[in-house]
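In UniProt numbering, the protein residues as written are 1 to 307. In what follows, a single structure is set out as structure tokens and then discussed.
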């Protein structure tokens, strides 16, 4: 199965992209240079600061901003000021965190140090509360992808377990479980338990597959050899169609992520101060704010790439 997968170039590229994003999940604190809740009201809706290399003799730097009040709209308008050069350092010191939740650290991928530390770096700009979008995007990636992975894992366990028991044992299980699946879907959707919404479809597939396999000769041979039902399911039936389970799980992951993102975007899922892709995109609902600050749509890019 692995060799067949490796020959599929598009699948390999997609796998690498997803793994890179999950690398952000593990090292979000390292890639972020500011805490997700740190805000500066006087720097509300700052535009992104592109990194310049040539002006600094191939040393990365960004330009500070000069602000003025628009006499017509009374909005604060920021323009890059080349005279305010802020050097960017790689592996710079910043706020303290625990790498992988265990190792104390204060190094970040990029940041500002020394005399420039009084200035703040905003690679993707800021939101209405002056919070850095780059750092919040890193933490939002961690939240959204973790919810997706946990949701798929729980759905996989429940789907294989309940679907397998229903398909292999039959009897009361076969009569009771299918009738409860629809009720389960409604209940889980209402209560917004994202991780449990997708298990029913996988359970249906597993049940149907087990119904066709339980009469096979290798299953009967295992029963005659004295194997327990749990052993037959786990060591004989599940491996016989593991490729289908892997495919179903792979397709379920983006569904879980988009479910969390959509619900949070609509205000029905995670809410501030939690940070996720959906929460970050909530401000993009305001058309007027979006017209003035189009960078608020940047969190939609990783959603499109991952999904």
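Beta carbons are placed, not taken as given, at the ideal position from N, Cα and C, and that holds for glycine. These numbers come from a predicted model, not from an experiment.
Contact annotation: the stretch 92-102 does not touch the stretch 132-143, with fewer than three C-beta pairs closer than 8 Å. Counting every other CB atom within 10 Å of its CB across the protein chains shown gives residue 66 a total below 16, marking it as exposed.
In terms of Cβ geometry, residue 148 and residue 277 do not form a close pair [threshold 8 Å].
Of 306, 286, 234, the smallest CA-CA separation from residue 252 is found for 306.
Bounds of the beta strand (DSSP E) holding residue 96 are 89-99.
The continuous stretches of alpha helix (DSSP H) do not include residue 293, and DSSP gives it neither H nor E.
Beta-bridge pairing by DSSP links residue 61 to 52, 87.
Per the C-alpha coordinates, the member of 90, 202, 94, 47 positioned closest to residue 80 is 47. Judged by beta-carbon spacing, residue 202 lies within the 8 Å limit of residue 155, meaning their Cβ atoms are closer than that value.
The C-beta separation of residue 111 from residue 33 comes to about 4 Å, placing the pair in contact by the 8 Å criterion.
Under the 8 Å Cβ criterion, the stretch 82-95 counts as touching the stretch 27-44, having at least three qualifying pairs. In terms of Cβ geometry, residue 275 and residue 143 form a close pair [threshold 8 Å]. Taking 8 Å as the cut-off, the Cβ atoms of residue 284 and residue 268 do not count as close.
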